[in-house]
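Each remark here refers to the structure printed beneath this line.
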């Protein structure tokens, strides 16, 4: 026998496959004629999973429940109980405990946490950096990096003995994070001495994988304005909110390049003062902003702040005037021009306000949801004018409503009485939308609708095609939905997780798994054995 050249023996790339049938795809994968591109192979597998989930024979069954005295968190196949102290994996047929951290006093409790997924595009020198980890911020100002699978401490950083840090957030997801302190308050001694405390808060910024310090900066009201009340980092932009319902955006890269007095590394000896990131020294302020940076963008708003996104870049806000309450204005970030049909107003007659956000699928679309309608909007260039834009409805999802209630009621005496009040859009007797989320791997919109049955609400999770809005499946949730308590629903591949606050101020987590419905007895074959 003669061996074929290695170039002839290679598997064909995914782009050469033309089969669309799920069975054919599974067969080709089993025979080894799959892709040599892991991204394409994963995409093909997720298409198969989507097809299976949306089949009539697939149903979601509750497989597990667990109560907790504190809030329950979920992210990427992990359920966190007892303030992140106890972790369960939801990837198995039934959730199983991954780890439980030792109990800690209140002075060392976990304040906030972020899950860091392992990078796939580079190889890191430390093997522990190559795996997913949980970054936790404790009440005594330590930032711990824990193994996401075992809870083992991989690294710890002491932040400061002078500032109290409270929250974590992503600047750029899975790349850069920030740790924010509580707002500084004027002490009694400062007040008696007539000394003004102009420091609003401190922010420490890190890069992840590996965990490296970018810097520690202080937000000074003398620089950013006396009305400054809060800050956050997002996509390389420092956003400063003001009590006057005003927001200003600054380039964080510009701030680092201009105002960082020295670069610091974790574990570095700092001029006989201490080691950076170790107690009691912590991390010193090495970004001193002594003058206001150039303002990239500023806007006054009425409520709900300002959102930036879309293709091309636009922003959504409500103008700072009462007459604009309930409206959402969509404007170009280039010149501030209001898009054609850019004022979105659902005119909701409801207790709950409508909500709007840029679609997380990076399509540049906008999702505008209310109690009875969900509109998915597109930003389009006007015909014959590339620099002007209009808002077009891509599709709408409408709740099932019974509009047959008569407006005029005839009494037993024959007198006609006109109904004086219209039903609310979120009336308990009508089907109402409560939640809209996006499952990126299956490209489905997950919508929670509530219908009142007798004395309790019945919830369903609706799965809609993300491109057309077509309803593909509707899954009932077994637990009653009481609108007076908080609920959260997560849809992740073949798993539905429903966390709910209960009447006794405890919390419960319910997990559903996709299973195939048993075949009908008429379609099954029975083999009987006869004995003499």
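Numbering (this note's numbering), first residue to last: 326 to 857.
Backbone N, C-alpha and C fix where the C-beta goes; we use that ideal spot for every residue, glycine too.
Distance between residue j and residue i (C-alpha atoms, nearest Å)
| i | j | result |
| --- | --- | --- |
| residue 512 | residue 526 | 14 Å |
| residue 590 | residue 799 | 52 Å |
| residue 405 | residue 814 | 15 Å |
| residue 793 | residue 690 | 13 Å |
| residue 482 | residue 631 | 34 Å |
| residue 569 | residue 643 | 14 Å |
| residue 624 | residue 639 | 13 Å |
| residue 651 | residue 694 | 12 Å |
| residue 441 | residue 458 | 5 Å |
| residue 572 | residue 539 | 24 Å |
| residue 415 | residue 517 | 55 Å |
| residue 514 | residue 439 | 37 Å |
| residue 711 | residue 659 | 13 Å |
| residue 464 | residue 409 | 13 Å |
| residue 453 | residue 561 | 27 Å |
| residue 655 | residue 670 | 11 Å |
| residue 315 | residue 428 | Outside the shown range of the chain (326 to 857) lies residue 315, about which nothing can therefore be said. |
| residue 536 | residue 715 | 43 Å |
| residue 521 | residue 508 | 14 Å |
| residue 627 | residue 653 | 10 Å |
| residue 425 | residue 476 | 7 Å |
| residue 417 | residue 402 | 9 Å |
| residue 449 | residue 534 | 8 Å |
| residue 746 | residue 672 | In this predicted model, residue 746 has a pLDDT of only 49, less than 50, meaning its place in the structure is not dependable; the value taken from the coordinates is given anyway. Their backbone Cα atoms lie some 16 Å apart in a straight line. |
| residue 605 | residue 446 | 36 Å |
| residue 608 | residue 563 | 20 Å |
Other residues of its chain near residue i: CB distance less than 7 Å, five sequence neighbours each side excluded
| i | result |
| --- | --- |
| residue 686 | 763, 765 and 791 |
| residue 859 | This structure cannot settle anything about residue 859, because the visible part of the chain is limited to 326 through 857. |
| residue 488 | 506 and 527 |
| residue 703 | 690, 717 and 719 |
| residue 843 | none |
| residue 841 | 382 and 383 |
| residue 461 | 409, 435, 438, 469 and 471 |
| residue 613 | 584 and 586 |
| residue 479 | 453, 458, 470, 471 and 472 |
| residue 761 | 692, 694, 699, 770 and 772 |
| residue 645 | 570, 625, 626 and 627 |
DSSP bridge partner residues for residue i (one or two, in chain order)
| i | result |
| --- | --- |
| residue 694 | 680 and 699 |
| residue 584 | Beta-bridge pairing links residue 584 to no other residue. |
| residue 470 | 460 and 480 |
| residue 389 | 836 |
| residue 545 | 524 |
| residue 557 | 564 |
| residue 760 | 773 |
| residue 437 | 462 |
Chain-order list of residues whose beta-carbon lies under 6 Å from that of residue i (same chain, five-residue window excluded)
| i | result |
| --- | --- |
| residue 496 | 503 and 558 |
| residue 610 | 541 and 543 |
| residue 756 | 724, 725, 774 and 776 |
| residue 413 | 404, 420 and 422 |
| residue 400 | 440 |
| residue 501 | 532 |
| residue 492 | 437 and 505 |
| residue 705 | 715 and 717 |
8 Å CB neighbourhood of residue i in its chain, flanking five on each side removed
| i | result |
| --- | --- |
| residue 456 | 443, 472, 473 and 474 |
| residue 819 | 374, 378, 838 and 839 |
| residue 769 | 375, 763, 788, 789, 790, 791, 797 and 816 |
| residue 592 | 600, 601, 602 and 603 |
| residue 857 | Only weak support is given to the placement of residue 857: the predicted model assigns it a pLDDT of 35, under 50, and the value that follows is read from those uncertain coordinates. If we look at residue 857 and ignore the five residues flanking it on each side, it has no Cβ neighbours. |
| residue 567 | 550, 552, 553, 554 and 573 |
| residue 782 | 753, 775, 776, 805, 806, 807 and 808 |
Any C-beta of chain B under 7 Å from that of residue i
| i | result |
| --- | --- |
| residue 510 | Looking at the structure shown, chain B is missing, and only one protein chain is on hand. |
Worksheet item: Going along the chain, which unbroken runs of the beta strand (DSSP E) with 3 or more residues stay wholly within the region 774-840?
Response: DSSP runs (the beta strand (DSSP E)) wholly in the region 774-840: 781-790, 796-806, 812-817 and 820-826.
Worksheet item: Which runs of the alpha helix (DSSP H) spanning at least 4 residues fall entirely within the region 498-539, listed in chain order?
Response: Counting only runs of at least 4 residues, the region 498-539 fully encloses the following alpha helix (DSSP H) elements, listed from N- to C-terminal order: 513-518.
Discussion item. Quick check: the region 377-392 against the region 819-835, are at least 3 beta-carbon pairs closer than 8 Å?
Written reply: Taking a cut-off of 8 Å on C-beta distances, the region 819-835 touches the region 377-392, as three or more cross pairs fall below it.
Worksheet item: Does the region 659-666 come within contact of the region 675-685, defined as at least 3 CB pairs closer than 8 Å?
Response: Too few Cβ pairs lie closer than 8 Å, so no.
Worksheet item: Any contact of the region 615-630 with the region 547-555, i.e. 3+ C-beta pairs under 8 Å?
Response: At 8 Å Cβ cutoff, the stretches touch.
Fill in: Every unbroken beta strand (DSSP E) within the region 603-627, with a cutoff of 3 residues, ordered by chain
Runs of the beta strand (DSSP E) lying entirely within the region 603-627 and spanning at least 3 residues, in chain order: 620-625.
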